[in-house]
Amino acid sequence: MKQLKEFDIPFVGLKLGKHRFDYQIDKTFFEAFNYDEFAEATLKVNLVMDKKSNMLELSFKVDGVVNVPCDLTDEPFDQPVEGNLHLVVKFGEEYNDENEELLIIPHGEHQINVAQYIYEMIVLAVPAKRVHPGVKDGTLSSELLQKLEEFQPKEENKNNDGDTDPRWDTLKKLLTDK
Numbered sequence: 001m002k003q004l005k006e007f008d009i010p011f012v013g014l015k016l017g018k019h020r021f022d023y024q025i026d027k028t029f030f031e032a033f034n035y036d037e038f039a040e041a042t043l044k045v046n047l048v049m050d051k052k053s054n055m056l057e058l059s060f061k062v063d064g065v066v067n068v069p070c071d072l073t074d075e076p077f078d079q080p081v082e083g084n085l086h087l088v089v090k091f092g093e094e095y096n097d098e099n100e101e102l103l104i105i106p107h108g109e110h111q112i113n114v115a116q117y118i119y120e121m122i123v124l125a126v127p128a129k130r131v132h133p134g135v136k137d138g139t140l141s142s143e144l145l146q147k148l149e150e151f152q153p154k155e156e157n158k159n160n161d162g163d164t165d166p167r168w169d170t171l172k173k174l175l176t177d178k
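When we follow UniProt numbering, the leftmost residue of the sequence shown carries the number 1, and every step to the right adds one.
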């Protein structure tokens, strides 16, 4: 990952109180992290930093869309993304980012780079299973979807003469006998 200078926040010269930073995120941001799961990205990140005498409170909010392939059909679609992240930055002897909500930076630091936190917030805001909205409501038609329906197992509860399979009847008895 290369250092993204536009995400450096020099907090030493800022007055105490709230400061707002806005970022426009696109695909080149994710390329800096070698992350290529998004075909396109149009995201807006709002960051409110509350500077206090002994710590910083960072509140991130992301809103936008990323273009991703559907996990079922591989059709690209725009996935809405919304997310929040709250981070407390304190000063200590040495750098420590073990806790995901608390960052400790050395006393001599004068700026903080927030690119990694923005990246993680966005990637975690995207659902693990990405399903095209057309698959959910039945409006998407693709060859792959037709093949999936073709190979879907057909339910056959009864054999040809109308009776159920006697092997299943014996197993069903186990459920009712207690």
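Just so you know, even glycine gets a beta-carbon here, dropped at the ideal spot from N, CA and C.
* Asked: Taking DSSP as the reference, what is the three-state secondary structure of Asn159?
  -> In the sequence shown, counting from the first residue as 1, residue 159 sits at position 159. With a pLDDT of only 48 at Asn159, under the threshold of 50, the placement of this residue in the model should not be trusted, and no figure is reported.
* **Distance, Val81 Cα to Val126 Cα** => The count along the sequence shown starts at 1 and reaches residue 126 at position 126. The count along the sequence shown starts at 1 and reaches residue 81 at position 81. So the alpha carbons of these two residues sit roughly 6 Å apart.
* Should Gly83 be labelled buried (16 or more other beta-carbon atoms within 10 Å of its own) or exposed? -> Counted from its first residue, the sequence shown places residue 83 at position 83. It counts as buried.
* Separation of Phe151 from Thr42, as counted between CA atoms -> Within the sequence shown, residue 42 is the residue found at index 42, counting from 1. Within the sequence shown, residue 151 is the residue found at index 151, counting from 1. Going by the C-alpha atoms only, they are around 37 Å apart.
* To do: From the DSSP output, read off the bridge partner residues of Phe21.
  => Here the question's residue 21 lines up with position 21 in the sequence shown. In DSSP, Phe21 forms a bridge with Leu47.
* Does the beta carbon of Lys52 sit closer than 8 Å to a beta carbon anywhere in chain B? -> The structure shown contains no chain B; it is built from a single protein chain.
* Candidates Val66, Phe11, Lys15, of which the one nearest Ile122 by Cα -> As a working note, residue 122 is residue 122 in the sequence shown. Considering only alpha carbons, the answer is Val66.
* Gln24 versus Glu100: straight-line alpha-carbon distance, rounded -> Taking the sequence shown and counting its residues from 1, one reaches residue 24 at position 24. Taking the sequence shown and counting its residues from 1, one reaches residue 100 at position 100. Rounded to the nearest angstrom, the two C-alpha atoms are 23 Å apart.
* To do: Compute the distance between the beta-carbons of Ile118 and Val89, then report whether it is under 8 Å.
  => For this step, residue 118 is matched to residue 118 along the sequence shown. For this step, residue 89 is matched to residue 89 along the sequence shown. Cβ distance not < 8 Å, so Ile118 and Val89 don't count as in contact.
* **Identified DSSP bridge partners for Gly13** => For the purposes of this step, residue 13 is taken as residue 13 along the sequence shown, with counting starting at 1. Bridge partners of Gly13: none, in fact.
* Drop a sphere of 10 angstroms on the beta-carbon of His107, count the other beta-carbons inside from all chains shown, and report buried for 16 or more, exposed for fewer. => Indexing the sequence shown from 1 puts residue 107 at position 107. When all chains shown are included, His107 counts as exposed.
* **Residues that Ser59 bridges to, as DSSP identifies them** => Taking the first residue of the sequence shown as 1, we reach residue 59 at position 59. The partner list for Ser59 (beta bridge, DSSP) reads Val48, His86.
* So, are the CB atoms of Leu87 and Leu124 less than 8 Å apart? -> Counting from one through the sequence shown, the residue named residue 87 turns up at place 87. Counting from one through the sequence shown, the residue named residue 124 turns up at place 124. For Leu87 and Leu124, no; Cβs fall outside 8 Å.
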